[in-house]
Ligand code: HEC
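In my numbering, the protein residues as written are 189 to 441.
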């Protein structure tokens, strides 16, 4: 009796134990997720590529997305470009650029920058005059165009929670199906954890990259690891569902 009970507990479900309709359902689910993932990759490409001014996706693009570019601020670009002619004294351009390079802090703003902006810029850059232009009348709004940007914390928090909730569901269902594979049990135990761990590392490294730009490599590595491990689970599951039969397993049970 006891032994029989024990035996039954040991027999886990495998793909050979599920009906063809369930396999069809699993397959269409996995294929849809696979296509969805490719679309997500394309979306990633289009939102990040070319940020560094060069076509294609690079580490630098990822750095700019999360950390911001150290040498490209909206104010710096404007003052070197179309807004230059608004300066009464061209030497003030260098004063502003120096300030940007020093980190655009408030004391120096009050001392050196505010007088220039008040004289040359706020004729147009005042909310009451042009609400659509950057407000250059006080530090907090000047600071927005004087800093490198990158992703803001609220944006990262928003994207993280959507990402974690959404992808956790996807990974859970993919993992549930994948567990029906006929595979070494230790491999499976590790394999179901990897995409979750990679996703958490990915999201965490977005926040770190905002501060430390070299973490862009971790963002890329963990993102790739998640995609790869998820892809392997999908491919292996579909393969075993339709093209694999382990006769020795039948004989043993
Ligand atoms: C005669 C009106 C006028 C004056 C004076 C002026 N600006 Fe502008 N500024 C504009 C307009 C219009 C735009 C929007 C241009 C566009 O989007 O193509 C703009 C855009 C900008 C932007 C945003 C560029 C972006 O990234 O979208 C910055 C920064 C800027 N100006 C800085 C300055 C500074 C600094 C000064 C003073 C040296 C100045 N502006 C003086 C009219 C003015």
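Beta carbons are placed, not taken as given, at the ideal position from N, Cα and C, and that holds for glycine. Remember, predicted model here, so these are calculated numbers, not experimental data.
Every unbroken alpha helix (DSSP H) within the segment 335–414, with a cutoff of 4 residues, ordered by chain: 341–366, 373–399
Sufficient close CB pairs (3 or more, under 8 angstroms) joining the segment 251–266 to the segment 337–347: yes
Span of the alpha helix (DSSP H), counted from its first residue to its last, around residue 286: 279–289
The segment 306–317 in contact with the segment 345–359 per 3-pair CB rule at 8 angstroms: no
Cβ contact (3+ pairs, closer than 8 angstroms) linking the segment 409–423 and the segment 367–386: yes
Beta-carbon contacts of residue 225 that lie in its chain and below 8 angstroms, excluding the five residues immediately before and after: 415, 418, 419
Backbone secondary structure at residue 250 - three-state DSSP: helix
Residue 310, DSSP secondary structure in three states: Here residue 310 sits in coil by DSSP.
Euclidean distance between Cα positions of residue 230 and residue 288: Looking at the two C-alpha atoms, the distance is approximately 35 angstroms.
Inter-residue CB distance, residue 333 and residue 261 (contact presumed, cutoff 8 angstroms): 6 angstroms
Whole-Å CB distance - residue 366 paired with residue 421, under 8 angstroms assumed: 4 angstroms
Residue 237, DSSP secondary structure in three states: In the structure shown, residue 237 sits in coil (DSSP, three-state: anything other than H, G, I, E or B).
Check: residue 363 C-beta below 6 angstroms from any heavy atom of the ligand HEC: Not one heavy atom of the ligand HEC lies closer than 6 angstroms to the C-beta of residue 363.
Three-way DSSP call (helix, strand, coil) for residue 304 in this model: helix
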